[in-house]
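In full-length UniProt numbering, the protein residues as written are 1 to 340.
For each residue, glycine too, the CB sits at the ideal point set by N, CA and C.
Just so it is clear, the structure is predicted and the values come from calculations on it, not from any experiment.
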Amino acid sequence: MLAALLYGQENLRLEEVPDPTPAAGEVVIQVGAATTCGTDLKVWRRGGHARMLIPPTLFGHEAAGRIVALGTGVTNWQVGDRIVANNSAPCMKCFFCQRKEYSLCPNLTWNNGTFAEYLKIPAPIVEHNLLQIPDELPWELAAMTEPLACVLHGIARSNVKAKDKVVVLGDGAIGLMFVAALSRKTEVLLWGGNNHRLEIGQKLGATQTFNYHQIPDIPSVVKELTQGWGADVVIEATGVPSVWETAIACARPGATVNLFGGCPRDTSITVNTEQLHYSELTLKGVFHNTPEYVRQALALIASRKIPFELLISEQRPLKDLEQVFCEMKARQVIKVAMIP
(Lines of atoms letter the chains of each structure in order from A; the text may use other names.)
(Lines give C-alpha, C1' and ligand atoms only; values in the text may rest on other atoms or scores of the structure.)
Protein backbone atom coordinates (compact mmCIF):
# COMPACT_ATOMS: atom_id res chain seq x y z
CA MET A 1 0.00 0.00 0.00
CA LEU A 2 0.96 3.65 -0.31
CA ALA A 3 1.73 5.29 3.04
CA ALA A 4 3.38 8.41 4.46
CA LEU A 5 6.47 7.91 6.63
CA LEU A 6 8.10 10.59 8.77
CA TYR A 7 11.89 10.35 8.73
CA GLY A 8 12.74 13.54 10.60
CA GLN A 9 12.32 17.30 10.62
CA GLU A 10 10.15 18.24 7.60
CA ASN A 11 11.20 14.95 6.02
CA LEU A 12 8.04 13.20 4.92
CA ARG A 13 8.06 10.50 2.23
CA LEU A 14 5.36 8.53 0.45
CA GLU A 15 6.43 4.92 0.08
CA GLU A 16 5.04 1.52 -0.86
CA VAL A 17 4.91 -0.60 2.31
CA PRO A 18 3.37 -4.02 3.00
CA ASP A 19 -0.37 -4.10 3.61
CA PRO A 20 -1.07 -4.53 7.34
CA THR A 21 -2.27 -7.87 8.67
CA PRO A 22 -4.26 -7.98 11.92
CA ALA A 23 -2.93 -9.97 14.86
CA ALA A 24 -5.18 -11.30 17.61
CA GLY A 25 -7.61 -8.66 18.81
CA GLU A 26 -6.75 -6.24 16.01
CA VAL A 27 -8.63 -4.97 12.98
CA VAL A 28 -7.52 -3.37 9.72
CA ILE A 29 -9.49 -0.57 8.11
CA GLN A 30 -9.47 0.91 4.65
CA VAL A 31 -9.04 4.62 5.30
CA GLY A 32 -11.96 6.67 4.01
CA ALA A 33 -10.41 10.00 4.99
CA ALA A 34 -7.52 11.11 7.19
CA THR A 35 -7.59 14.69 8.45
CA THR A 36 -4.50 16.77 9.08
CA CYS A 37 -3.97 18.22 12.53
CA GLY A 38 -1.96 20.96 14.20
CA THR A 39 -0.19 18.28 16.21
CA ASP A 40 0.84 16.56 12.97
CA LEU A 41 2.16 19.92 11.75
CA LYS A 42 4.22 20.39 14.93
CA VAL A 43 5.56 16.84 14.73
CA TRP A 44 6.49 17.34 11.06
CA ARG A 45 8.24 20.64 11.82
CA ARG A 46 10.05 19.32 14.92
CA GLY A 47 10.85 15.89 13.50
CA GLY A 48 9.15 13.74 16.14
CA HIS A 49 7.07 13.54 19.31
CA ALA A 50 8.54 12.16 22.52
CA ARG A 51 5.28 10.49 23.57
CA MET A 52 3.57 9.46 20.35
CA LEU A 53 6.18 8.48 17.78
CA ILE A 54 9.86 8.13 16.96
CA PRO A 55 10.97 8.40 13.29
CA PRO A 56 11.15 6.69 10.94
CA THR A 57 7.50 5.81 11.37
CA LEU A 58 4.10 5.73 9.75
CA PHE A 59 2.49 9.14 10.17
CA GLY A 60 -0.92 10.67 10.91
CA HIS A 61 -3.42 10.03 13.69
CA GLU A 62 -6.93 11.16 12.65
CA ALA A 63 -8.95 8.86 10.38
CA ALA A 64 -12.22 7.09 9.77
CA GLY A 65 -12.80 4.13 7.49
CA ARG A 66 -14.30 0.72 6.89
CA ILE A 67 -13.14 -2.57 8.46
CA VAL A 68 -11.62 -4.90 5.87
CA ALA A 69 -9.97 -7.54 8.09
CA LEU A 70 -10.45 -8.97 11.59
CA GLY A 71 -7.86 -10.60 13.83
CA THR A 72 -8.64 -13.74 15.78
CA GLY A 73 -10.79 -13.16 18.82
CA VAL A 74 -12.54 -10.05 17.48
CA THR A 75 -16.23 -10.80 17.87
CA ASN A 76 -17.98 -7.43 18.24
CA TRP A 77 -17.10 -6.14 14.78
CA GLN A 78 -17.68 -7.23 11.21
CA VAL A 79 -15.98 -6.62 7.89
CA GLY A 80 -17.74 -3.64 6.32
CA ASP A 81 -18.44 -1.76 9.56
CA ARG A 82 -17.88 2.01 9.29
CA ILE A 83 -15.71 3.05 12.22
CA VAL A 84 -13.55 5.73 13.75
CA ALA A 85 -10.63 4.74 15.98
CA ASN A 86 -9.04 7.03 18.55
CA ASN A 87 -5.26 7.23 18.23
CA SER A 88 -4.72 5.80 21.70
CA ALA A 89 -6.17 3.68 24.48
CA PRO A 90 -5.30 3.58 28.20
CA CYS A 91 -4.22 0.34 29.88
CA MET A 92 -7.11 0.47 32.41
CA LYS A 93 -4.88 -1.13 35.07
CA CYS A 94 -2.26 1.40 36.25
CA PHE A 95 -2.27 3.87 39.16
CA PHE A 96 -3.83 6.61 37.01
CA CYS A 97 -6.37 4.44 35.22
CA GLN A 98 -7.61 3.14 38.55
CA ARG A 99 -8.35 6.79 39.39
CA LYS A 100 -9.99 7.36 35.98
CA GLU A 101 -7.22 9.78 35.02
CA TYR A 102 -6.86 8.00 31.70
CA SER A 103 -4.95 10.71 29.85
CA LEU A 104 -2.13 10.35 32.38
CA CYS A 105 -1.75 6.59 31.80
CA PRO A 106 1.97 5.89 31.31
CA ASN A 107 1.10 2.79 29.28
CA LEU A 108 -1.06 4.45 26.61
CA THR A 109 -1.16 2.43 23.39
CA TRP A 110 -0.51 4.91 20.58
CA ASN A 111 -1.37 4.38 16.94
CA ASN A 112 -0.05 6.34 13.95
CA GLY A 113 -0.28 5.74 10.24
CA THR A 114 -3.57 7.26 9.10
CA PHE A 115 -1.99 8.84 5.99
CA ALA A 116 -2.15 5.54 4.16
CA GLU A 117 -4.53 3.33 2.24
CA TYR A 118 -4.96 0.94 5.17
CA LEU A 119 -4.55 1.28 8.93
CA LYS A 120 -4.11 -1.43 11.56
CA ILE A 121 -5.87 -0.77 14.88
CA PRO A 122 -4.13 -2.26 17.96
CA ALA A 123 -6.13 -4.53 20.25
CA PRO A 124 -6.40 -2.09 23.22
CA ILE A 125 -7.88 0.55 20.92
CA VAL A 126 -10.27 -2.00 19.41
CA GLU A 127 -11.38 -2.86 22.94
CA HIS A 128 -11.71 0.64 24.38
CA ASN A 129 -11.73 3.32 21.67
CA LEU A 130 -13.17 1.92 18.43
CA LEU A 131 -16.60 3.37 17.61
CA GLN A 132 -19.17 2.75 14.90
CA ILE A 133 -20.19 5.78 12.88
CA PRO A 134 -23.57 6.47 11.25
CA ASP A 135 -23.92 5.59 7.58
CA GLU A 136 -24.73 9.17 6.63
CA LEU A 137 -21.77 10.77 8.45
CA PRO A 138 -18.99 11.78 6.02
CA TRP A 139 -15.59 10.21 6.64
CA GLU A 140 -13.85 13.57 7.09
CA LEU A 141 -16.23 14.66 9.85
CA ALA A 142 -15.94 11.37 11.72
CA ALA A 143 -12.15 11.64 11.46
CA MET A 144 -12.27 14.78 13.62
CA THR A 145 -13.48 12.78 16.63
CA GLU A 146 -10.00 12.60 18.20
CA PRO A 147 -9.20 16.36 18.29
CA LEU A 148 -12.73 17.22 19.43
CA ALA A 149 -12.41 14.65 22.22
CA CYS A 150 -9.27 16.46 23.38
CA VAL A 151 -11.18 19.76 23.32
CA LEU A 152 -14.13 18.37 25.31
CA HIS A 153 -11.67 16.97 27.85
CA GLY A 154 -10.08 20.41 28.05
CA ILE A 155 -13.42 22.14 28.60
CA ALA A 156 -14.41 19.68 31.31
CA ARG A 157 -11.21 20.53 33.18
CA SER A 158 -11.60 24.31 32.84
CA ASN A 159 -14.29 25.06 35.44
CA VAL A 160 -16.49 26.74 32.81
CA LYS A 161 -19.84 28.04 34.06
CA ALA A 162 -22.85 29.27 32.13
CA LYS A 163 -22.54 32.92 31.03
CA ASP A 164 -18.78 33.01 31.72
CA LYS A 165 -16.63 35.24 29.58
CA VAL A 166 -14.08 32.92 27.99
CA VAL A 167 -10.99 34.03 26.06
CA VAL A 168 -9.62 31.62 23.45
CA LEU A 169 -6.11 32.41 22.22
CA GLY A 170 -5.45 30.74 18.88
CA ASP A 171 -7.45 30.39 15.66
CA GLY A 172 -6.17 26.99 14.57
CA ALA A 173 -8.48 23.99 14.35
CA ILE A 174 -8.25 23.34 18.10
CA GLY A 175 -8.98 26.95 19.04
CA LEU A 176 -11.94 27.01 16.66
CA MET A 177 -13.23 23.73 18.12
CA PHE A 178 -13.06 25.29 21.58
CA VAL A 179 -15.12 28.21 20.26
CA ALA A 180 -17.71 25.87 18.73
CA ALA A 181 -18.09 23.78 21.87
CA LEU A 182 -18.03 26.69 24.35
CA SER A 183 -20.21 29.22 22.55
CA ARG A 184 -23.37 27.26 23.25
CA LYS A 185 -23.37 28.45 26.87
CA THR A 186 -20.73 31.17 27.26
CA GLU A 187 -19.46 34.39 25.73
CA VAL A 188 -16.30 33.61 23.76
CA LEU A 189 -13.70 36.20 22.79
CA LEU A 190 -11.46 34.70 20.10
CA TRP A 191 -7.97 36.00 19.31
CA GLY A 192 -6.03 34.94 16.25
CA GLY A 193 -3.87 36.18 13.42
CA ASN A 194 -5.86 35.23 10.34
CA ASN A 195 -9.01 37.12 9.31
CA HIS A 196 -10.48 34.18 7.38
CA ARG A 197 -10.15 31.91 10.40
CA LEU A 198 -11.63 34.60 12.63
CA GLU A 199 -14.64 34.76 10.30
CA ILE A 200 -15.07 31.01 10.74
CA GLY A 201 -14.82 31.58 14.50
CA GLN A 202 -17.77 33.97 14.24
CA LYS A 203 -19.77 31.38 12.31
CA LEU A 204 -18.99 28.85 15.05
CA GLY A 205 -20.35 31.20 17.71
CA ALA A 206 -17.59 33.54 18.89
CA THR A 207 -19.12 36.65 20.48
CA GLN A 208 -16.23 38.84 19.30
CA THR A 209 -13.04 38.20 17.34
CA PHE A 210 -9.76 40.10 17.33
CA ASN A 211 -6.68 40.00 15.12
CA TYR A 212 -3.61 40.31 17.34
CA HIS A 213 -1.63 41.78 14.42
CA GLN A 214 -3.93 44.79 14.62
CA ILE A 215 -4.54 44.83 18.39
CA PRO A 216 -1.38 43.46 20.00
CA ASP A 217 -2.14 44.34 23.66
CA ILE A 218 -4.48 41.44 24.33
CA PRO A 219 -4.74 41.65 28.17
CA SER A 220 -5.69 45.35 28.11
CA VAL A 221 -8.51 44.77 25.64
CA VAL A 222 -9.77 41.76 27.59
CA LYS A 223 -9.91 43.85 30.76
CA GLU A 224 -11.73 46.67 28.96
CA LEU A 225 -14.38 44.17 27.92
CA THR A 226 -14.74 42.64 31.40
CA GLN A 227 -15.24 45.67 33.65
CA GLY A 228 -11.52 45.82 34.29
CA TRP A 229 -11.23 42.35 35.81
CA GLY A 230 -10.24 39.92 33.07
CA ALA A 231 -11.77 36.72 31.72
CA ASP A 232 -13.40 34.03 33.85
CA VAL A 233 -11.68 31.30 31.83
CA VAL A 234 -8.76 31.55 29.41
CA ILE A 235 -7.92 28.80 26.91
CA GLU A 236 -4.44 28.88 25.36
CA ALA A 237 -4.46 26.98 22.05
CA THR A 238 -1.23 27.93 20.28
CA GLY A 239 1.58 26.06 22.07
CA VAL A 240 3.76 29.20 22.17
CA PRO A 241 5.35 29.95 25.58
CA SER A 242 4.89 33.73 25.28
CA VAL A 243 1.17 33.16 24.61
CA TRP A 244 0.97 31.03 27.76
CA GLU A 245 2.13 34.14 29.65
CA THR A 246 -0.40 36.29 27.79
CA ALA A 247 -3.14 33.85 28.78
CA ILE A 248 -2.29 34.27 32.45
CA ALA A 249 -2.28 38.07 32.06
CA CYS A 250 -5.83 37.93 30.66
CA ALA A 251 -7.30 36.18 33.70
CA ARG A 252 -9.42 37.79 36.41
CA PRO A 253 -8.88 36.96 40.09
CA GLY A 254 -10.26 33.49 40.70
CA ALA A 255 -10.04 32.51 37.03
CA THR A 256 -8.97 29.23 35.48
CA VAL A 257 -6.27 29.33 32.79
CA ASN A 258 -6.10 26.23 30.62
CA LEU A 259 -2.63 26.01 29.07
CA PHE A 260 -3.78 23.58 26.43
CA GLY A 261 -1.37 24.10 23.53
CA GLY A 262 1.71 21.89 23.83
CA CYS A 263 4.95 23.88 23.72
CA PRO A 264 8.33 22.67 22.44
CA ARG A 265 10.31 20.48 24.84
CA ASP A 266 12.48 22.15 27.48
CA THR A 267 10.70 25.50 27.26
CA SER A 268 9.57 27.48 30.29
CA ILE A 269 7.49 30.52 31.21
CA THR A 270 7.63 33.17 33.91
CA VAL A 271 4.70 33.49 36.32
CA ASN A 272 4.17 36.44 38.65
CA THR A 273 3.93 34.75 42.03
CA GLU A 274 2.03 37.66 43.59
CA GLN A 275 -0.67 37.46 40.91
CA LEU A 276 -0.87 33.68 41.14
CA HIS A 277 -1.16 33.72 44.93
CA TYR A 278 -3.29 36.76 45.71
CA SER A 279 -5.56 36.39 42.69
CA GLU A 280 -6.10 32.69 43.49
CA LEU A 281 -5.54 31.65 39.89
CA THR A 282 -5.89 28.07 38.75
CA LEU A 283 -3.32 27.23 36.09
CA LYS A 284 -4.02 23.95 34.34
CA GLY A 285 -2.24 21.87 31.77
CA VAL A 286 -4.61 19.48 30.01
CA PHE A 287 -3.36 16.71 27.77
CA HIS A 288 -5.07 14.40 25.27
CA ASN A 289 -8.45 12.74 25.87
CA THR A 290 -10.22 9.82 27.56
CA PRO A 291 -12.65 7.16 26.29
CA GLU A 292 -15.57 9.14 27.74
CA TYR A 293 -14.77 12.23 25.66
CA VAL A 294 -14.09 10.18 22.52
CA ARG A 295 -17.69 8.99 22.71
CA GLN A 296 -19.03 12.46 23.49
CA ALA A 297 -17.09 13.92 20.58
CA LEU A 298 -18.45 11.46 18.03
CA ALA A 299 -21.99 12.00 19.34
CA LEU A 300 -21.63 15.79 19.00
CA ILE A 301 -20.22 15.52 15.47
CA ALA A 302 -22.93 13.04 14.43
CA SER A 303 -25.67 15.32 15.80
CA ARG A 304 -24.71 17.88 13.10
CA LYS A 305 -25.64 20.65 15.57
CA ILE A 306 -22.30 22.35 14.89
CA PRO A 307 -20.98 22.91 11.34
CA PHE A 308 -17.59 21.30 11.88
CA GLU A 309 -17.28 21.04 8.10
CA LEU A 310 -16.19 24.71 8.23
CA LEU A 311 -12.83 23.46 9.53
CA ILE A 312 -12.15 21.32 6.44
CA SER A 313 -10.47 23.61 3.94
CA GLU A 314 -10.48 21.01 1.15
CA GLN A 315 -10.03 17.38 0.15
CA ARG A 316 -6.74 16.27 -1.42
CA PRO A 317 -5.17 13.02 -2.64
CA LEU A 318 -2.45 11.40 -0.55
CA LYS A 319 0.24 12.35 -3.06
CA ASP A 320 -0.27 16.02 -2.10
CA LEU A 321 0.45 15.45 1.60
CA GLU A 322 3.83 17.20 1.81
CA GLN A 323 2.45 20.20 -0.11
CA VAL A 324 -0.50 20.28 2.29
CA PHE A 325 1.86 20.52 5.27
CA CYS A 326 3.69 23.38 3.57
CA GLU A 327 0.32 25.11 3.14
CA MET A 328 -0.52 24.46 6.79
CA LYS A 329 2.82 25.92 7.82
CA ALA A 330 1.97 29.04 5.79
CA ARG A 331 -1.51 29.08 7.43
CA GLN A 332 -3.22 28.81 4.05
CA VAL A 333 -5.46 25.91 5.17
CA ILE A 334 -6.93 24.78 8.49
CA LYS A 335 -7.60 21.06 8.19
CA VAL A 336 -7.36 19.06 4.97
CA ALA A 337 -9.06 15.73 4.39
CA MET A 338 -6.56 13.41 2.73
CA ILE A 339 -8.29 10.81 0.57
CA PRO A 340 -6.06 7.75 -0.07
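If the five residues before and after residue 314 are omitted, its C-beta is found closer than 8 Å to the C-beta atoms of 333, 336 and 337, all from its own chain and listed in chain order. Under the three-pair Cβ rule at 8 Å, the region 88–108 does not count as touching the region 31–45.
Straight across, the Cα-Cα distance linking residue 248 with residue 199 is about 25 Å. The three-state reading of DSSP puts residue 19 in coil, since its state is none of H, G, I, E or B. Residue burial annotation: residue 288 is buried, with at least 16 other C-beta atoms found within 10 angstroms of its C-beta.
Across the set 195, 23 and 218, the C-alpha of 195 shows the shortest separation from the C-alpha of residue 331. Taking the Cα positions, residue 266 is about 20 Å away from residue 10.
Rounded to the nearest angstrom, the Cβ distance from residue 173 to residue 138 is 17 Å, too far for a contact under 8 Å. Of all C-beta pairs linking the region 239–255 to the region 110–117, fewer than three are shorter than 8 Å, placing the two stretches out of contact. Counting only the Cα atoms, residue 3 lies some 25 Å from residue 74. With a 10 Å radius around the Cβ and a threshold of 16 neighbouring Cβ atoms, residue 272 comes out exposed.
With a minimum length of 3 residues, the unbroken runs of beta strand (DSSP E) contained wholly in the region 27–51 fall at 27–35. Under the criterion of beta carbons closer than 8 Å, residue 87 and residue 61 qualify as touching, at roughly 4 Å. Note that the region 206–217 touches the region 182–195; at least 3 beta-carbon pairs, one per stretch, sit closer than 8 Å. The DSSP-derived three-state label of residue 76 is coil. Residue 286 places its beta carbon 7 Å or farther from that of residue 175. In the pairwise beta carbon analysis, the region 21–31 is classified as touching the region 56–72: at least three pairs are separated by under 8 Å. Note on geometry: alpha-carbon atoms of residue 93 and residue 123 lie some 15 Å from one another. Within the DSSP bridge table, the entry for residue 136 names no partner.
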